[in-house]
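J.: I have a structure I would like to understand better, so I am pasting it below and will then ask my questions one at a time.
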Amino acid sequence: MKSKTAELISFPFSGGQPRKGVELGPDALLKADLPKQLEELGWKADLDNSIDWKMINDMLQNDPDIDTLKNPRSVSKASELLANVVEKSARAGKLPLVLGGDHSLGTGSMIGLNRVYPDVATIWVDAHADINTAKTTPSGNLHGCPVSFALGLEGSYVEPFKSWLPNPPIASPNRLVFIGLRDVDEGERKILKEHNIKVFSMHHIDKYGIGKVVEMALDHVNNGTSRRDRPIHLSFDVDAMDPSVAPSTGTPVRGGLTFREGHYICEAIHETGSVVGMDLVEVNPLLETEAAAQTIAVGCSLIRSTLGESLLD
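Just so you know, the working numbering puts 656 at position 277 of the sequence shown, and the rest follows in order with no gaps.
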């Protein structure tokens, strides 16, 4: 690890998708004593609440579509402010730990970390690729677009994002790996193929096993070598887990990661010693409320595994 201080950055935002409740995820994770859990692992847990959420939420109440994009102004502003907070945290030598909220936050976390670690690689663990552009998104929900905006793909430099997105982009497609995909839109398939982005779907996990998949993913982001020194940003959507493991999330898809597979990914990435940032997103305590506590506990456990807890100790 680059630091033993984790900065817990709340992102209580649901504007990237239509279901309310995911904005309650950060508070639910914190109320589950996540800071104490990290302190027991030897981390100092700082809390950042510097984003003006009243301003963002006021904007969200009157945010008409731009073409097909829903809530574009509030998503853009929230992402821009998050990028600044993540950058500030990383420059201070802390590990930014972003608690979502929906996965539209990925644009801000990717860009913020890239400003400090120009060679950082992102490992995106998710049922969905979240790489639609403004031109390909079938729904207009921006939690399905954060990767394309961070990469600066064609169709991402749209209002109001182009006022702050880096051009040329900081992030590079060859420093991105997906793990756990099983629900990918047609436009996303074309993007993934066109840019030769490395993807390990659930099919690959079934074929090779989670250990081999993670090894291949880490080899890829380290230029095809067994070195493990490239900085890593882990962006983990709880819907990567099978709904039997993490049911309280907005877009569950059957056939996902088992409890052990999800935790193995986090443990193996921790073992590289190169984690510089993490997102944990899409915990929605209002969905499947009888199982919300289970999903919250799994979210906390995935974070602990990324920051050093081993289930085998």
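Glycine included, C-beta positions come from ideal geometry on N, C-alpha and C.
Just to confirm my understanding: we take K381, look at its own chain, exclude 5 residues before and 5 after, and list those with CB closer than 6 Å. What are they?
T.: On the sequence shown, position 2 is the one that residue 381 refers to. Confidence at K381 is low in this model, with a pLDDT of 43, below 50, so the placement of that residue should be treated as unreliable; the coordinate-derived value is given next. Closer than 6 Å at the Cβ level, and outside the excluded window around K381, lie V655.
J.: Can you pull the DSSP bridge partners for P475?
T.: On the sequence shown, residue 475 is found 96 positions in, with the first residue counted as 1. The partner list for P475 (beta bridge, DSSP) reads E386.
J.: Name the two residues that bound the continuous beta strand (DSSP E) containing H522.
T.: Taking the first residue of the sequence shown as position 1, residue 522 is located at position 143. It is not in any beta strand (DSSP E) - H522 carries neither H nor E in the DSSP assignment.
J.: Quick check on the burial criterion: 16 or more other C-beta atoms within 10 angstroms. Buried or exposed for R452?
T.: Along the sequence shown, one-based indexing puts residue 452 at 73. Answer is buried; the Cβ neighbour count reaches 16.
J.: Check each candidate in L532, K473, N436 and G635 and name the one with the smallest Cα separation from D562.
T.: As a position in the sequence shown, residue 562 is number 183, starting the count at 1. D562 has its Cα closest to that of G635, out of L532, K473, N436 and G635.
J.: Only counting the same chain, and skipping five residues up and downstream in sequence, which positions put a Cβ closer than 6 Å to that of S468?
T.: Mapped onto the sequence shown, residue 468 falls at position 89. Excluding positions up to five away in sequence, the list reads E386 and P475.
J.: Hey, would you say K592 sits closer than 8 Å to I558, going by beta carbons?
T.: As a working mapping, residue 592 is identified with position 213 in the sequence shown. As a working mapping, residue 558 is identified with position 179 in the sequence shown. In the sequence under discussion, the amino acid at residue 592 is Val, which differs from the Lys named in the question. Cβ distance < 8 Å, so V592 and I558 count as in contact.
J.: Looking at the unbroken beta strand (DSSP E) that takes in W503, where does it start and where does it end?
T.: Here residue 503 is taken as the residue at index 124 of the sequence shown, counted from 1. Note, W503: beta strand (DSSP E), A500 to V504.
J.: Taking P552 as the reference, which of D585, M489, M595 and S429 has the closest Cα?
T.: Here residue 552 corresponds to residue number 173 of the sequence shown, with the count starting at 1. Cα-wise, what sits closest to P552 is M489.
J.: Taking 8 Å as the limit between beta carbons, can you name the residues of its chain near D406, skipping five residues before and five after?
T.: Here residue 406 refers to the residue found at position 27 of the sequence shown. Closer than 8 Å at Cβ, skipping near neighbours: S389 and P391.
J.: Among the candidates E646, D608, V617 and S680, whose CA atom is the shortest distance from the CA of D498?
T.: Here residue 498 refers to the residue found at position 119 of the sequence shown. Nearest option by C-alpha distance: D608.
J.: Would you mind stating whether G479 and V401 have Cβ atoms separated by less than 8 Å?
T.: As a first step, residue 479 is located in the sequence shown; it is residue number 100 there, counting from the start. As a first step, residue 401 is located in the sequence shown; it is residue number 22 there, counting from the start. Yes, the Cβ-Cβ distance between G479 and V401 is below 8 Å.
J.: Where do the ends of the alpha helix (DSSP H) carrying K423 lie?
T.: For the purposes of this step, residue 423 is taken as the residue at position 44 of the sequence shown. Premise fails: K423 lies in the beta strand (DSSP E), K423 to D427, not in any alpha helix (DSSP H).
J.: Alpha carbon to alpha carbon, how far is M434 from S455?
T.: Taking the sequence shown and counting its residues from 1, one reaches residue 434 at position 55. Taking the sequence shown and counting its residues from 1, one reaches residue 455 at position 76. Their Cα atoms are separated by approximately 13 Å.
J.: To the nearest angstrom, how far is the alpha carbon of L681 from that of E419?
T.: On the sequence shown, position 302 is the one that residue 681 refers to. On the sequence shown, position 40 is the one that residue 419 refers to. Going from the Cα of L681 to the Cα of E419 covers about 15 Å.
J.: When the Cα atoms are used, what is the spatial distance from S518 to E650?
T.: Counting from 1 along the sequence shown, the entry for residue 518 is found at position 139. Counting from 1 along the sequence shown, the entry for residue 650 is found at position 271. One C-alpha to the other measures close to 38 Å.
J.: On the DSSP bridge list, what partners appear for L560?
T.: As a working mapping, residue 560 is identified with position 181 in the sequence shown. Bridge partners of L560: S580.
J.: Give the range of the beta strand (DSSP E) segment to which D437 is assigned.
T.: For the purposes of this step, residue 437 is identified with residue 58 of the sequence shown, where counting begins at 1. Counting along the chain, D437 falls outside any beta strand (DSSP E), though it belongs to the alpha helix (DSSP H) covering W432 to Q440.
J.: Residues in its own chain within less than 8 Å of L659 by CB, not counting five upstream and five downstream?
T.: Reading the sequence shown from its first residue, position 280 is the one you call residue 659. The answer, listed in chain order, is L408, L476, V477, L478, G479, F615, V617, G678, L681 and I682.
J.: Reducing DSSP to helix, strand and coil, say where Q656 ends up.
T.: Against the sequence shown, residue 656 aligns to sequence position 277. Note that residue 656 is Gly in the sequence shown here, rather than Gln. Three-state result, G656: strand.
J.: Residues in its own chain within less than 7 Å of N428 by CB, not counting five upstream and five downstream?
T.: Taking the sequence shown and counting its residues from 1, one reaches residue 428 at position 49. Closer than 7 Å at the Cβ level, and outside the excluded window around N428, lie S389.
J.: With I611 and I502 assumed to form a contact (beta carbons below 8 Å), what rounded beta-carbon distance in angstroms separates them?
T.: Position 232 of the sequence shown, counted from the start, is the residue given in the question as residue 611. Position 123 of the sequence shown, counted from the start, is the residue given in the question as residue 502. Contact flag correct, Cβ pair sits at about 6 Å.
J.: What residue does the beta strand (DSSP E) around H612 start on, and which one ends it?
T.: Position 233 of the sequence shown, counted from the first residue, corresponds to residue 612. First-last of the beta strand (DSSP E) with H612: I611 to D616.
J.: Can you tell me which of E640, S458, G641 and M620 puts its alpha carbon nearest to the alpha carbon of P631?
T.: On the sequence shown, position 252 is the one that residue 631 refers to. For the residues E640, S458, G641 and M620, the minimum Cα distance to P631 belongs to M620.
J.: Once you ignore the five residues that flank G534 on each side, which residues in its own chain have a CB closer than 8 Å to its CB?
T.: Translated into the one-based positions of the sequence shown, residue 534 becomes position 155. Closer than 8 Å at Cβ, skipping near neighbours: T512, A513, K514, T515 and S527.
J.: Which residue marks the beginning of the alpha helix (DSSP H) containing D446, and which one marks its end?
T.: Here residue 446 refers to the residue found at position 67 when the sequence shown is read from its first residue. Premise fails: D446 is in no alpha helix (DSSP H) and is neither H nor E.
J.: The alpha helix (DSSP H) that contains A671, what's its start and end?
T.: Numbered from 1 along the sequence shown, position 292 holds the residue referred to as residue 671. Run containing A671: A671 to T685, per the alpha helix (DSSP H) assignment.
J.: Do you know offhand how far F540's Cα is from I445's?
T.: Residue 540 sits at position 161 when you count from the first residue of the sequence shown. Residue 445 sits at position 66 when you count from the first residue of the sequence shown. Answer to the nearest angstrom: the Cα atoms are 12 Å apart.
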